[in-house]
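Let me begin by presenting the structure, written as C-alpha cells, before commenting on it.
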Amino acid sequence: MGTTDIGPPDYHTMLPGVIKKNYGKWKYHEIIRPGVLKHVSETGDVVYTVRVGSPRLVSVDFIRDICDVADKYCEGHLRFTSRYNIELMTGDIANVDKVIEAVKKLGLPVGGTGACISNIVHTQGWIHCHSAATDASGLVKSVMDELYDHFTNMKLPALLRISVACCINMCGAVHCSDLAIVGVHTKPPKVDNEKLAAVCEIPTTIRSCPTGAIRRHPDENIKSVVVREDLCMYCANCFTVCPAMPLADAMGDGVALYAGGKVSNARKPPMFSRMIVPYLPNNPPRWPEVVDIIKGVVNVYAEHARKYERMGEWIERIGWETFFRLTGIPFTEQHIDDFTHAVETYRTTTQFKW
Amino acid sequence: MGTTDIGPPDYHTMLPGVIKKNYGKWKYHEIIRPGVLKHVSETGDVVYTVRVGSPRLVSVDFIRDICDVADKYCEGHLRFTSRYNIELMTGDIANVDKVIEAVKKLGLPVGGTGACISNIVHTQGWIHCHSAATDASGLVKSVMDELYDHFTNMKLPALLRISVACCINMCGAVHCSDLAIVGVHTKPPKVDNEKLAAVCEIPTTIRSCPTGAIRRHPDENIKSVVVREDLCMYCANCFTVCPAMPLADAMGDGVALYAGGKVSNARKPPMFSRMIVPYLPNNPPRWPEVVDIIKGVVNVYAEHARKYERMGEWIERIGWETFFRLTGIPFTEQHIDDFTHAVETYRTTTQFKW
Amino acid sequence: MDENTPLLDELEKGPWPSYVKEIKRAAKKNKAAKDLLGIQELSYKDKVTHWKHGGIVGVTGYGGGVIGRYSDVPEQFPNAASFHTIRVNHPGGWFYTTKALRQICDVWEKFGSGMTNFHGSTGDIILLGTTTENLQPCFDALAGIGFDLGGSGSALRTIAGCVGPARCEWSTIDTLNIVHDLTMEFQDEIHRPRWPYKFKIKASGCPNDCVAAIARADFTIIGTWRDSLRIDQNSVKEYAEKGFDIHKLIVDRCPTDALEWDEKKKELTLKPEDCVRCMHCINKMPKAIRPGVEGGATIMIGGKAPIIKGAYLSWVLIPFMKMEPPYHEMKELLRKIWDWWDEHGRTRERLAELVERVGLKRFLREMGIKPVPQMVFKPRANPYVFFDKK
Amino acid sequence: MDENTPLLDELEKGPWPSYVKEIKRAAKKNKAAKDLLGIQELSYKDKVTHWKHGGIVGVTGYGGGVIGRYSDVPEQFPNAASFHTIRVNHPGGWFYTTKALRQICDVWEKFGSGMTNFHGSTGDIILLGTTTENLQPCFDALAGIGFDLGGSGSALRTIAGCVGPARCEWSTIDTLNIVHDLTMEFQDEIHRPRWPYKFKIKASGCPNDCVAAIARADFTIIGTWRDSLRIDQNSVKEYAEKGFDIHKLIVDRCPTDALEWDEKKKELTLKPEDCVRCMHCINKMPKAIRPGVEGGATIMIGGKAPIIKGAYLSWVLIPFMKMEPPYHEMKELLRKIWDWWDEHGRTRERLAELVERVGLKRFLREMGIKPVPQMVFKPRANPYVFFDKK
Ligand code: SRM
Ligand code: SRM
Ligand code: SRM
Ligand code: SRM
Ligand code: SF4
Ligand code: SF4
Ligand code: SF4
Ligand code: SF4
Ligand code: SF4
Ligand code: SF4
Ligand code: SF4
Ligand code: SF4
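So, in C-alpha cells, the structure goes:
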C-alpha cells in the first residue's frame, strides 16, 4: 500500500509566472477578439488568454500536443475551464497569433468567449455509463458541428450555454442551461428475476421507487419484484440500486430538450431549464432531429432577444406561449408538470398572450 | 311544504331605471370625489353612485334606514358591493349631496373609492362561529376607527384591501389581501373522550388530520383518539369533522397578520398574502397591538410605495428584507415556510439586500 | 341576565359605524338579539367563542341553506340557545328594490333575531340567529316574497358576480345574467349537497376581478377579449395636456412593454400581440382606453382557501370561451367537472386538490381539453414524465 | 473483432474536433481503446449502452475514486471487458504545468487505455478505462507524481472553484485557496464514503458563478461584498463617449433600479442600499465598475440534479461570511451539517431533500443559525405554523 491522502498538487506550483505575480490584483479585462481575453493588472502587467475548444474525451497524445504549444509560447503552463476548454496564457501579445496558429494546426477552434456558444458541458453516454439513454459525445459533436460559428464568433444577444446529459441523473448543470439535451428512457425496467434474486436487496429495491411502482413478486416462490408500469416514469432510480432492472431499450430510449435555464445571478436569479421537446428518438450517428430543433431555437433567439438577454430572460419576457409560437415547437400534455411542485407552474392569472 | 327551488329574484326586477336603460352601454367613469362615482353612458346618460360604509353586521332597522334614503333620492333602489358597502345611485347630480347628507345623519361614512382603504371583508367571529379564534367584527371596528380617514379620502399610492378571518378557514379572500388579519389557534385540540365516543367517527377523525397527528387512543377501552402534540399545527380540520376536539383556548388563541396579497390582474398577477406577524394574543375589545402594527404598515407603505403600486408590488420591488427593516417587524423562524411547497420560497440567488 | 356590557361598549366609540350599536338596536325589540349581546360580551371577557358545532337542521326538501348553531351557555342566555343562520340567495349584482329589502326585514323581524349580514362573504344575505322551529315558517315566508335559500355544505354555493355591465364600462361578459342563469339551472346542485365538498362559482366582468373570483372560486369566470384594446387618441392627448405622465405611469408600468408613447405627437400605440390584458392602462385612463370588442371569458379552476392542502389561486383552463346564453358550453363543462370530481374526489377534497393529486394532464385528458401553453406559467423543469405505455 | 466503424466514422467529419479521432488515435497504441471503439460502434448500431453496473473495485485504503465498469459484450471485446475509470483530483483552478500533464499521460499510457476526460463535470481528471489489476499500480504511480484520487460514492466529492483571483478581477474571495484548503482538510471525507449520499462543494468568486455552484453543489460558496460597488466616473464617461448606451443597457437592466444616469453630466450614481450585487453593470462595464472591497461569501446549501425529489438550486444559508484562512467558521459549519445529515438523512437523500423533509426551520435551529429574511424570497403564505408547545 502506497501513500494515501496526499491530496492534489498545491495550485501554487501550477501557476504561470504572470498569474502568480498578479494574483488577486487584476483590474479589468477585455475580449480583444473572439477567443482572446486580455486581463490587465493593477501592477500594469497584462496577460492574454487564448481559449481553445476541446472534445474533452481525448487521448493522452492530445494532451501532449497541447503541452507542446504551451511549452513553446506559454512558459509550460496552461489551464482548463469549467466547460472543458483549454486556456493558453501569455504575457506577450506577440505570442497570441502564434498560439492561435499552432492550435489551428491541431484542428482546434479558438473561441468560446463573450456572447457565444461555448463548449458543451456533457457526460459519458455510451462511452462509459451503464445508465446512458443516449450518447453524449456524439450529440455534442453533431450539435457543435452545426453551431461551430457561434463558438468562434460573438454575435448572439448573450452567452448561450448548452449541456448534454445522457440520462436524467443529469451529471453537469443541465437542469440550469440555456439549452439542454437529456437522454431519457421511456420504457419501464425489465426485471431479470434470476439476477435480481442473486444481486439485489428486495426491500431496498422497492423503497427506491419514488412513485411506489415496485412491488414484491406475487408468486412467493419467485424472489423478485414486479413493476406497475402505469406508475413508472422511468427515473431509473431502481436500476441504480438494483442492476437487475435495466431500462435501456433501443426503441424507447431517446432524448428530451430543455431551454431557458441559467446559473449566473446577473439581472435575473438563476432559473431551471424547462421542457421544450418531451422526446425524440435516438438517431445516431448524427441525431438530425435534435440538431435541427436546437439550431432552430438558437436562430429564433438570436433574432428576437434583446442585447444581453439570456435565453430564459427572453422567454420570460415574451411568455412561453410566444416561445412555442415563434419556434413552431408543438406544446403537448407532457409539457405540463405533474410532479411534486407542479401546481406552482399553473398559470394563476388571466395575463397571457393569444 | 312550500314551494322549493324558485331561486333568487331575477336581477332585472331590481335594477334602477337608469341602470336598466344603459345596461352594457357604459363608456367611462370618473371618481368625482371620494365616495362618489360618475358613470357616463354611450347614450349620454349619467349615473352617480354614492358609496357608503356599513358595519355589515346590522339590524333590520339599519336596512330600513338605508331604504328610506333610497326611497327619497334613488327611486327606491340600491345595491351592495362585494365588500359590503352600500351604493346609492341617482341620475341627478343634485341628489348627490342630499344622499351624502342623509347617510351622514345616519352616522355612516362616504368613501371606499379609488386609492383608499375600503370596507374590510370579514367573517363571523365570536358572533356566530364555533371555529373562531378571534372576533371579526370587533377587529374590523378597531382597525377602521383608526384608518377611518383612509376610507374617506384617496391619498394612498393605490387601493389597499384589508380582510379579517376569524380562523384559518379564511372565509373571504383573506389569503390574497393587501393586509390580512387571521384568527389562529396555537394549542392542540383538547379531546373530550366521552363526547368523542358518542358523536364522532374515529376513522374519519384520524384521517382528517393532514399531518397524521391523530391516533387511536392507546387504551383499548377508551373509544377515542389522542393527539401527538408535536405534529399539530392547529388547523382545526379535526374539529370540523369531530366536535369533541375543540381548539379554542383563552391563552392560546390570537391573530396572525399577513401582507402583500392581491386579486386583480392589473400589472402583476394575483399574489398570496404572506405572513408578517405569526401571532399576537387576543386583546379585546380593541386589539391595540394589532391595530398598531396595521397602522404602522399602512404608513410605511404610504410613504414609500410608488403611485399605483399595490402593497405586494411594492414589497416585491423593495424585497421582503427591506419590508421588515422599514416596518421594524421582527423576522422569525415562523416566517419561514415549512409546508408542502416551502422550498419554492427559499431564496435561490445571491441577489438580496443587506 | 347581565345587561352590563363594558367591553362591547368600548366598540360603540370611534367614527366607524358600530356593530355593537346595531345589536343593541335589535336587542331592544328582540330577546335573542339581547342574548347575542350577552354571549358576545362573555366571549370578549373569556376570549373564546361560546358557540358549539351545529347539528343538522334545515327546511323540508333542502339539504342546506341553514347553518345550525347552539350556544355553550344556554342556561345563561336561553333566548340564543339555538341561533341558526339562514343563507338567502341574493339577486345577481346585489341590486335591490327597497320594497324587497323591507319585505326581508319584516320576515326576519318576525321569525328571527333581527340581525343580519348584508352580505356574507360568499354573497348571501345572512339572516343571523333563529330557532329550529322557526326555520320552516321563515323559509315559507321568504318564498312568499320571492326569495330562496343559498348554498351550504357539500353543494354548489351561492354564485356571485361583479356589478359588470349594469354599471361598469369594462365588462366583456354579462356577469349578472351568467350568475342568474347558472343559479336557476343548478337549483338542485345548490340545495341538495351530494358532492365530496363545497363548490364555488364566481364571475368577474374583466381582469380587475372585483369579486375576487380567482382567489375564491373553484370555477372562475373572468371577462377578457380576443382583439385589441381600443385607444382614443384625442382623449390620450387630453390626459397628456392635463399633465398626466403617460410615459412613467402607464407605458413603464405595462407588464409586457406593449405600449409605446410618442412624446412629440402625444400618441399612444399598442403592439396588440404583446398585450396581456392586465387592465392597468385602461384603469388609469378610462376615458381614453377601453377593452376590445370581441368579448368572452377566460375560464379558470381551483381557487380556494387554505384548508387542507393550502390555498390555491385559480388557474387557466380555457383561455377563451364565448359567453352567450344559454351558456351551453360552460354548463356542459361544469357538469363534466362535477361528475369527474364526484367520482374521484375524496371527502373534503376540493377540485384543485384533486387535480393536483392526479395531475392536470389527466384532468385535461378526461375533460377532453387540449393542452395549451396559456395554462401554465412555464413548462415542467423535472424530467419525470409518464409517457403512454405502448 | 470488427474494425469497421461506419457510424462513428461519420463523426470524424465536420469542423468541431472529433472524439472519434481521439479514440482512433489511442486505439493505434492500445487494445483497450481499440475495443472501446468497437463497443461504441456497437452502441451506435444497437442504440443501447453496452456497459453494465460496476462491481466494487478500488485501491487499498480508499473507499472511492474509482468507477467500476464492465462491458456486456466481453467475448466480442475482451480488452475492454473491464474498463474502470479513475477520478484524479485536479489542482485548484485547473492550472497545470506541462510537466505534470505529461507525467499523467505517461502513467495512463502505461496502466490504462490512454483515453481521458479533461475534465469530468465535477472537475476531476478522468482516466477512462483500465482493468482491476492495474488500479493499484496506477494509483501508486499517480501518487508518485504527486496526484491523488477524487471523490465518488457517498462521500465528499472533488471540490471545484472558478479561476477567481488567479485571473479574474471580480473575485471577492480566494477560490483556489478555499478549494485547496478544504480539499486537504477533508481528505478522509473524500476518500472514505460513509454518508447517506454524495456531498458536493463548489466555490465561485462572484455571483456570475462560473462553476455553476448554485446548481450543482450541496454547499455553495459565492463571493460577494458588504460595501458599495466602485464606480470610476472617468471610465464611465469613456464608455458613454464611445456610444455605449448606458441608460438602456445598464440602468434599465438593473434588477432593482439601483442606478441613476445623468445624461448631461455623463455620471452614473448608485443607491447602494438598493444594489443586490447581481454583477450586470460590472460585467458590461468592467473598466468602470468594480465590486466593493469588503469581500466575503454568501453561503448557500442544497443545489443538486433531479434524482430523487427533483432538482434544487442552492438557497441562502449565511448571507455573508468572512473568508479568511484557515476558514474555521466554514469548516465548523460543514462538520455540523455533515453530522446532522448523517444522523437524520435516509440512504440516497441529499441535504436539500432532508432539509425539505424536516423543514428549514428545524435545520436552522439545529445548526444554531438565526433566521433572516435573506434566506427566503418571501415569507410563508400558509397559516400552518408549528408553534412551540408551551
Ligand atoms: C474561464 C471561466 C471560469 C473558469 O474558472 O473556468 C469563465 C471566465 C469568465 N467569465 Fe464566466 N467563465 C466560465 C464559466 C461560466 C459559467 C459556467 C458555465 O458556463 O457552466 C457561467 C454561468 C453560466 C450561466 O449562467 O448559465 C459564467 C457566467 C459568466 C457571466 C454571466 C453572464 C450572464 O449574463 O448571465 C459573466 C459576465 C458576462 O459575460 O457578462 C462571466 C464573465 C467571465 C469573465 C469575463 C470574468 C473575467 O473577468 O475574467 C471571464 C471570461 C469570460 C468569457 O469567456 O467571455 N461569466 N461563466 C469559465 C469559462 C467556461 C468556458 O470555457 O466557456
Ligand atoms: C463522470 C461524470 C460525468 C462526466 O462524464 O463528467 C459522472 C458520472 C456518473 N454519475 Fe454523475 N457524474 C459526474 C458529475 C455529476 C454532476 C456534476 C457535478 O458534480 O458538478 C452531477 C450533478 C450535480 C449533483 O450531484 O446533483 C451528477 C449527478 C449524478 C446523479 C444524480 C444525483 C442527484 O442527487 O440528483 C447520479 C445518480 C446517483 O448518484 O445514483 C450520478 C451518477 C453517476 C454515475 C456514477 C452512474 C451511476 O448511476 O452510478 C456515473 C458514472 C459514469 C461512468 O461510468 O463513468 N451523477 N454527476 C461526472 C463526474 C466526473 C468528475 O468526477 O469530475
Ligand atoms: C363596486 C365594486 C364591484 C361590485 O360588484 O361590487 C367595484 C367597482 C369598481 N371597481 Fe373594483 N370594485 C369592487 C371590488 C373590487 C375588488 C374585490 C375586493 O376588493 O375584494 C377588487 C380586487 C382587489 C384586489 O386586487 O385585491 C377590485 C379591483 C379593481 C381594480 C384593480 C386595482 C389594482 O390596481 O389592482 C380596479 C381598477 C382601478 O381601481 O384602477 C377597479 C375598478 C373598479 C371600477 C372603477 C370599475 C368601473 O369602471 O366602474 C369600479 C369603481 C371603483 C372604485 O370604487 O374606485 N377595481 N375591485 C366593488 C367595490 C368594493 C368596495 O365596496 O370597495
Ligand atoms: C358565513 C360565512 C362567513 C361570513 O361571515 O361571511 C362563512 C362561514 C363559515 N364557513 Fe366559510 N363562510 C363564508 C364564506 C367563505 C368563503 C368566501 C367565499 O365563499 O367567497 C371562503 C373562502 C373560499 C373557499 O371556499 O375556499 C370560505 C371558506 C371556508 C372553509 C375553508 C374551505 C377550504 O377549502 O379551504 C371552511 C371549512 C370547511 O368547509 O370545513 C368554511 C366553513 C365555514 C363554516 C360553515 C364553519 C365550519 O367549519 O363549519 C362557517 C359557519 C359560520 C357560522 O356560524 O355562520 N368556510 N367560507 C361566509 C358565507 C356567507 C355566505 O353564504 O354569503
Ligand atoms: S448523465 Fe446518466 S448516463 Fe450520463 S454519465 Fe451521468 S449517470 Fe451516466
Ligand atoms: S424507473 Fe423509477 S419510477 Fe420506474 S420503477 Fe424504477 S424507480 Fe420506479
Ligand atoms: S373564518 Fe373560521 S371562524 Fe370565521 S366564519 Fe369562517 S369558519 Fe368561522
Ligand atoms: S388541529 Fe389539525 S394538525 Fe392538529 S390534530 Fe387537528 S387536524 Fe391534526
Ligand atoms: S371586474 Fe371589471 S367589469 Fe366587473 S366591476 Fe370590476 S372593473 Fe368592472
Ligand atoms: S392592458 Fe395591461 S398589458 Fe395591455 S397594454 Fe395595457 S398595461 Fe399593457
Ligand atoms: S465567478 Fe466571478 S470571480 Fe469567478 S471567474 Fe467568474 S466572473 Fe470571475
Ligand atoms: S450590480 Fe446589479 S443590482 Fe447592483 S447596481 Fe449593478 S446592475 Fe444593479
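Chains as they are written, first to last, in the numbering used here: chain V, 36 to 389; chain Y, 36 to 389; chain P, 10 to 399; chain R, 10 to 399. From the three backbone atoms N, C-alpha and C, an ideal C-beta is built for every residue, glycine too.
Query                                                                                                                                                                         : Result
Give me the subset of the region 224-242 of chain R whose CB atoms are less than 9 Å from a CB atom of chain V, sorted by chain position.                                     : ALA224, ARG225, ILE231
Unbroken beta strand (DSSP E) runs of length 3 or more, entirely within the region 219-289 of chain V: which are they?                                                        : 249-251, 260-262
Determine whether the Cβ of V/ILE329 lies closer than 8 Å to any Cβ atom of chain A.                                                                                          : The structure shown contains no chain A; its protein chains are V, Y, P and R.
Around the Cβ of Y/VAL234, are there at least 16 other Cβ atoms within 10 angstroms (buried) or fewer (exposed)?                                                              : exposed
Would a check of beta-carbon distances place P/PRO26 closer than 8 Å to chain R?                                                                                              : no
If you follow the beta strand (DSSP E) that V/ILE311 is in, where does it begin and where does it stop?                                                                       : 309-316
Enumerate in chain order the residues of its own chain whose CB-to-CB distance from P/PHE396 is below 8 Å, with the five nearest sequence positions on each side excluded.    : none
Taking all protein chains shown into account, decide if V/VAL298 is buried (16 or more other Cβ within 10 angstroms of its Cβ) or exposed.                                    : buried
Look at R/ASP266 and R/ASP254 and say whether their C-beta atoms are less than 8 Å apart.                                                                                     : no
Which residues does DSSP pair with R/PHE104 in a beta bridge?                                                                                                                 : V/ARG114
P/LEU326 and V/ALA377 look like a contact to me (Cβ under 8 Å); what is the Cβ gap, rounded to whole Å?                                                                       : Actually they are not in contact, since the Cβ atoms of P/LEU326 and V/ALA377 sit about 15 Å apart, beyond 8 Å.
Assuming P/TYR79 and P/GLY63 make a contact with CB atoms under 8 Å, what is their CB distance in whole Å?                                                                    : 7 Å
Candidates Y/THR385, Y/ASP100, Y/ILE135, Y/TYR183: which alpha carbon is nearest R/ILE231's?                                                                                  : Y/THR385
Report the option in P/THR139, P/GLU338, P/TRP234, P/GLU352 whose CA atom is closest to the CA atom of V/LYS388.                                                              : P/TRP234
Per DSSP, what kind of secondary structure is R/MET10 in: helix, strand or coil?                                                                                              : With a pLDDT of only 44 at R/MET10, under the threshold of 50, the placement of this residue in the model should not be trusted; the figure read from the coordinates follows. R/MET10: coil per DSSP, three-state reduction.
With DSSP as the reference, label Y/GLY347 as helix, strand or coil.                                                                                                          : helix
For R/ARG374, name the three-state secondary structure that DSSP assigns.                                                                                                     : helix
Compute the distance between the beta-carbons of V/VAL104 and V/ALA150, then report whether it is under 8 Å.                                                                  : no
List the endpoints of the continuous beta strand (DSSP E) containing Y/ILE121.                                                                                                : 121-125
Would you say the region 159-176 of chain V touches the region 125-141 of chain V, given that touching needs at least three Cβ pairs under 8 Å?                               : no
Check each residue of the region 302-319 of chain R: if its Cβ is closer than 7 Å to any Cβ of chain P, include it; give the result in chain order.                           : PRO315, GLY319
Using the C-alpha atoms, what's the distance from R/VAL188 back to R/ARG299?                                                                                                  : 24 Å
Applying the 10 Å Cβ sphere with the 16-neighbour rule, what's the burial state of P/HIS93?                                                                                   : buried
So, helix, strand or coil for Y/TRP322, using DSSP?                                                                                                                           : coil
Would you say the beta carbon of V/THR148 comes nearer than 7 Å to a heavy atom of ligand 1?                                                                                  : yes
Decide if the region 273-290 of chain R is in contact with the region 315-332 of chain R; the criterion is three or more beta carbon pairs, one per stretch, under 8 Å apart. : no
Give me the residue from V/TYR63, V/ARG309, V/HIS47, V/MET49 with the minimum Cα distance to P/PHE386.                                                                        : V/ARG309
May I ask which residues mark the beginning and end of the alpha helix (DSSP H) holding R/ALA150?                                                                             : 141-153
Closer than 7 Å between beta carbons: that is the criterion. Which residues of the region 236-265 of chain Y meet it against chain P?                                         : PRO245
Using a Cβ cut-off of 8 Å (strictly closer), state whether Y/PHE359 contacts chain R.                                                                                         : yes
Could you give the first and the last residue of the continuous beta strand (DSSP E) run that contains V/ARG68?                                                               : 61-68
Return the CA-CA distance between V/SER259 and V/PRO316, expressed in angstroms with no decimal places.                                                                       : 31 Å
Please list the terminal residues of the continuous alpha helix (DSSP H) segment that includes R/MET309.                                                                      : R/MET309 -> not in any alpha helix (DSSP H); beta strand (DSSP E) instead, spanning 304-310.
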